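Undergrad: Structure provided below as structure tokens; questions to follow.
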Amino acid sequence: MKKILVCILFILGLLPAESKAQKIAVKSNLLYDATTTMNLGLEVALARKWTLDIPVNYNPWKFDDTRMKHWGIQPELRYWFCESFNRTFIGLHAHYVDFNVGGLPDWPLISENMQNMRYQGQLYGGGVSIGHSWILKKRWSIEASLGLGYARIIYEKYPCATCGTKLKDTSKNYVGPTKASVSLIYVIK
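With numbering that gives the first Met the number 0 as the guide, the letters of the sequence shown map in order to residues 0 to 188.
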């Protein structure tokens, strides 16, 4: 939890101190909410067509043999084709995650390894994204985005979700989807 707070304070320190007519939005990714992951994003207008989005997520839960513990941050610099917080944007994001996951349910797209093993480690990397925001009311909007990129994953592998005997230390390079969001947004003026 201390790491999350330090990252947020660092990124907020990079933002301009003067905020004349600057828009700020608070958001929650509904896809994270569906996985019981607490999340909160802050997006700040830097210029008419530029924003900085700083989402943070945290999941401390363990359900029976299912473990989805993680925390992550994924700051993104966005260019809006119309104006900040309105319509289509492209983004450049970075990401960092600490994780301890395993024993996941037998659902489509969940590998047998993720069902039967536990993985603990970190990942970091970056990517590009595209998204669109739909204004619902004066201060409310909904946004969807998808991103592709790279992640370096450094992890330990364990034989089951609750076992403590490490099988191996390893790392992996990943290229593919790195971001998916459907966010509910409240704009603070």
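We put the beta carbon where it would ideally sit given N, CA and C, even for glycine. Because the structure is a prediction, the values reported are computed rather than measured.
Given this structure, state the Cα-to-Cα distance separating T177 from S110, to the nearest angstrom.
TA: Along the sequence shown, one-based indexing puts residue 177 at 178. Along the sequence shown, one-based indexing puts residue 110 at 111. One C-alpha to the other measures close to 17 Å.
Undergrad: To which residues of the same chain is Q121 closer than 6 Å at the C-beta, ignoring the five residues directly before and after it?
TA: Counted from its first residue, the sequence shown places residue 121 at position 122. Same-chain partners within the cutoff: D97 and I153.
Undergrad: Could you tell me which of M67, D63 and W49 sits nearest to N56, measuring between CA atoms?
TA: Residue mapping note: residue 56 aligns to position 57 of the sequence shown, counting from 1. The shortest Cα separation from N56 among M67, D63 and W49 belongs to M67.
Undergrad: Strictly by DSSP, which residues pair up with I109?
TA: The residue labelled residue 109 in the question sits at position 110 within the sequence shown. Bridge partners of I109: none, in fact.
Undergrad: Could you check the C-alpha separation between P59 and G90 for me, to the nearest Å?
TA: As a working note, residue 59 is residue 60 in the sequence shown. As a working note, residue 90 is residue 91 in the sequence shown. Answer to the nearest angstrom: the Cα atoms are 29 Å apart.
Undergrad: Does the beta-carbon distance from Y118 to A150 come in below 8 Å?
TA: As a first step, residue 118 must be located in the sequence shown, where it is residue number 119. As a first step, residue 150 must be located in the sequence shown, where it is residue number 151. In this structure, A150 does not lie closer than 8 Å to Y118 by Cβ.
Undergrad: Please name the residue or residues paired with W60 in a DSSP beta bridge.
TA: Against the sequence shown, residue 60 aligns to sequence position 61. The partner list for W60 (beta bridge, DSSP) is empty, contrary to what the question assumes.
Undergrad: Who are the near neighbours of L45 in its chain, counting only those whose CB is closer than 7 Å to its CB and skipping five residues on each side?
TA: Position 46 of the sequence shown, counted from the first residue, corresponds to residue 45. Once the five neighbours on either side are set aside, the close Cβ partners of L45 are L51.
Undergrad: Do M113 and G101 come within 8 Å of each other at the CB atom, strictly closer than that value?
TA: To locate residue 101, count along the sequence shown from 1; it is residue 102. To locate residue 113, count along the sequence shown from 1; it is residue 114. Yes, they are a contact pair.
Undergrad: On a CA-only basis, which of S144, W49, I23 and K61 is nearest T35? Give me that one, please.
TA: Counting from 1 along the sequence shown, the entry for residue 35 is found at position 36. Closest by alpha carbon: K61.
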